[in-house]
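In order, the protein sequences belong to chains H and D. Using the working numbering, read the first sequence as starting at 1 and increasing by one per residue. Using the working numbering, read the second sequence as starting at 343 and increasing by one per residue. Taking it in order: structure first as structure tokens, then the write-up.
There are 2 protein chains.
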Amino acid sequence: MKATINDVAKLSGVSIKTVSRVMNNEPSVRQLTREKVQAAVKELNYQPNLAARNLAGTKSYTIAYVYDNPNAYYVIDMQVGILEACRQQGFELLINPCDSQQENITEDIINTIKQARVAGLVLTPPFSENPAFVQRIIELDIKVVRIMSGDSAPDELSPCVMVNDRDAAQTITQHLIDLGHKKIAFIAGEAEHMSTIERYKGYRRALKHNNIEFNKNLLIEGEYSFDSGVQGAKQLMSTNNLEENRPSAIFSCNDEIAAGALFASRLMDINIPEQLSIAGFENSPFSRQTWPKLTTANQPNIEIAKNAASILIGQIRKKQNCNNTSQYVPQLVIRDSTGKYS
Amino acid sequence: MKATINDVAKLSGVSIKTVSRVMNNEPSVRQLTREKVQAAVKELNYQPNLAARNLAGTKSYTIAYVYDNPNAYYVIDMQVGILEACRQQGFELLINPCDSQQENITEDIINTIKQARVAGLVLTPPFSENPAFVQRIIELDIKVVRIMSGDSAPDELSPCVMVNDRDAAQTITQHLIDLGHKKIAFIAGEAEHMSTIERYKGYRRALKHNNIEFNKNLLIEGEYSFDSGVQGAKQLMSTNNLEENRPSAIFSCNDEIAAGALFASRLMDINIPEQLSIAGFENSPFSRQTWPKLTTANQPNIEIAKNAASILIGQIRKKQNCNNTSQYVPQLVIRDSTGKYS
DNA sequence: CAACAAATTGACAGCGCTGTCAATTTGTTG
DNA sequence: CAACAAATTGACAGCGCTGTCAATTTGTTG
């Protein structure tokens, strides 16, 4: 009932090896032969058996998504994008949620990917930002593609899909400046995250471009959490805080922090955006569900993931070389949490 | 480097077939032999090659999670639980996000699972609530386990993991009644969802137990969305609405609706919980990030999913029979969005 | 202890592919 | 068109398991 490579071979009058060649896009097949085989493949709706492929070949047709991220929407989007690429290219996806803080996590992951004969890894932060980890994986001849924050790849270890948080953060800050704000606070995420650093750089660059002096009292070193947003906003807006250090706008490093800042503002009876503008970053689904709805920056995560997985699969198939790096710039989404300075 | 079944056979002095028997927990192996093999397996850290298993056997060692759910946190939890069970039992997981409304979706799914030789399916709503779909899958001799709302399986088609939303909804409503509320509104999700029906039944049962007459003007037929919560609360709390039809508490069918109701209350300058209590359902992560934080009901989704997958794998291994149904009751989580009637 | 049934074990084929290497075909040169 | 190189194709083994069925071992009976 399900067509095998034998059926295709018979129908197209070639050997199974040639069918195999066509299925794997190998170069040394005549165009005419290729077309005959492809016609048979279409007619029989043939799809190669992944188990057999994995067993027979030295190559593997499995890639893995190794992640440690509390943001379910991000993870799902990544997954959906990676799955799309896998389906198109006849690859399998192994999902590996894990705890990057766990002892021996590197060896654990290596064990898992060896076990499953994984050919490549899609990495997102924090794994993608750990060069030692990436190095270790690549030494095992496992391909890697990294999704990370920045405008260009930090090294030549692997192809990267860069998300230009810096430019996006600059745009957001500029949006606040355009609204008339001058005292703009920044609540940072974990300092060791590239995204924090990049977003901060964008913030600083926007200030500089507009000749606004940076006030270090407006910088809160927080973390990517709701609570951190609450604490940060409380500290900034407290009446104990000097008037000059109380901002008229807060750029939060992500939407969760922004939601926290919103929450704190409620507690302090500060009206948003009349008395204070708050911007987030990420365009997570709940950024539409806060009150007021958050101004933020949107990243096309599914597309980013799909692109990353395609690059990875290309690597594995050796059709593409290593310096295949692409860049995405998150786009400003203006909603109700930011308004004119008054 | 990686141990194969041959290595284990040699080390333990038996044939590979016997090792295979031990690995698959087949009965007709002497205890002594079994132990010898298990010792060798442990020493060599042997794990069967999934590709070879899938290729050689008529059985498959792959299960799939077919879902269509906009709630990423739910999906991720399901996935993590299912993955845990798979890892423990040496199964592979195929993830299949899809659109249940799409034409020919049933055939599409069947195609995919045939293609991947999937042995069983974990189904969550809406798929688990579609008997025709379940029937169709089972006819293909593919095992199914359904996760669904209710206190007992609706039929004998497959084992079910039941989530007793009815009891949980009754508990939430009772909580509101205990706070002194009598005019308790109910904003429903999609009427065709079992969860809506069950939660509604729990609500009604609590009213009845407390001799509170049901007022149909307090019932809003909504859907599981933030906007529906906004609309529902506006309609209920509007000053155009008769005083007697304005509730002092709203039980929202899920947290998203509750978040919407919270949002609408802000717009109408209604203080929560002083002037209005609002309860949600699901304990989604953002229920801790609303203002005020939502009172809700928590379901142990990871555990539910793991249990479901274990039952499914048991089915496939034929170790368990079909009537293996278990039940979970979501627990009340009291936070700040509900308060004493005043 | 013979005779048999039941329990346990193993030999061998084969799942559907890919890798290797040899055979064949095609194209190019003088 | 011979002679050769390059491109294209195919034969066959083998990946690591499981299924089938036969062989062997164990246990039971009179």
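No residue lacks a Cβ here, since even glycine has one placed at the ideal position from N, Cα and C. Every value quoted in this text rests on a predicted model; they were computed, and no experiment measured them.
Taking all protein chains in view, the Cβ of H/Asp178 is surrounded by fewer than 16 other Cβ atoms within 10 Å, so the residue is classified as exposed. For H/Cys98, there is no enclosing beta strand (DSSP E), since its DSSP letter is neither H nor E. The beta carbons of H/Ala249 and H/Ser228 sit no closer together than 7 Å. Secondary structure at D/Ala398: helix, using DSSP grouped into helix, strand and coil. Scanning its chain for C-beta atoms nearer than 6 Å, with the 5 sequence neighbours on each side dropped, one finds around H/Ser12 the residues Lys36, Val37 and Ala40, in chain order. For H/Glu274 and H/Asp336, the gap between their C-alpha atoms comes out near 10 Å.
Taking 8 Å as the upper bound for CB-CB distance, D/Ala427 and D/Lys648 are in contact here, some 5 Å apart. Secondary structure of D/Tyr542 (DSSP, three-state): helix. The contact set of H/Pro97 on chain D, defined by CB atoms closer than 9 Å, consists of Ile418, Gln421, Val422 and Leu425 in chain order. Here the C-alpha atom of H/Gly314 lies approximately 19 Å from the C-alpha atom of H/Val29.
Within chain D, no residue has its CB atom less than 8 Å from the CB of H/Lys42, the nearest being about 15 Å off.
Contact note: D/Gln457 reaches chain H through Lys2 and Gln47, using a C-beta cutoff of 8 Å and chain order.
Counting along the chain, no beta strand (DSSP E) covers D/Gly355, and no H or E run does either.
Per the C-alpha coordinates, the member of H/Asn111, H/Ser100, H/Met268 and H/Arg117 positioned closest to H/Leu123 is H/Ser100.
Residues of chain H whose Cβ lies closer than 9 Å to the Cβ of D/Leu578 do not exist, since the nearest Cβ in that chain is about 18 Å away. Pairing H/Leu242 with H/Ala297 gives a Cβ-Cβ distance that is not under 7 Å. Only those residues of the stretch 638-671 of chain D whose C-beta falls short of 9 Å from the nearest C-beta of chain H would be listed, and there are none. Annotation: the continuous alpha helix (DSSP H) that includes D/Phe568 extends over Phe568 to Met579. In the structure shown, the three-state DSSP call for H/Phe214 is coil. Distance from the CA of D/Thr400 to the CA of D/Ser537, rounded to the nearest whole angstrom, comes to 38 Å. Between D/Leu386 and D/Ala345, the C-beta gap is smaller than 7 Å, which places the two residues in contact. If only uninterrupted alpha helix (DSSP H) runs of at least 4 residues are considered, those enclosed by the stretch 95-156 of chain H are 105-115 and 131-139. Here the C-alpha atom of H/Pro131 lies approximately 51 Å from the C-alpha atom of D/Thr513. Residues of chain D whose Cβ lies closer than 7 Å to the Cβ of H/Asn54 are, in chain order, Ala393. Going by beta carbons, H/Glu129 and H/Arg166 fall outside the 7 Å limit. Using a 10 angstroms sphere on the CB of D/Phe556, the tally of other CB atoms stays under 16, which defines it as exposed. In the DSSP assignment, H/Ser277 forms a beta bridge with H/Ala249. Nearest to D/Val572 by alpha-carbon distance, out of D/Cys595, D/Ser607 and D/Ile405, is D/Ser607. It is roughly 12 Å from the alpha-carbon of D/Pro634 to the alpha-carbon of D/Asp597. D/Met420: member of the alpha helix (DSSP H) spanning Ala414 to Gln431, first to last residue. In this structure D/Leu654 is buried. Its beta-carbon is surrounded by 16 or more other beta-carbon atoms within 10 angstroms. Under the 10 Å beta carbon count, D/Thr632 is surrounded by 16 or more other beta carbons and is classified as buried.
The C-beta of H/Arg266 comes closer than 7 Å to at least one C-beta of chain D. Residue environment for D/Arg395: buried (at least 16 other C-beta atoms within 10 angstroms of its C-beta). The three-state reading of DSSP puts D/Ala345 in coil, since its state is none of H, G, I, E or B.
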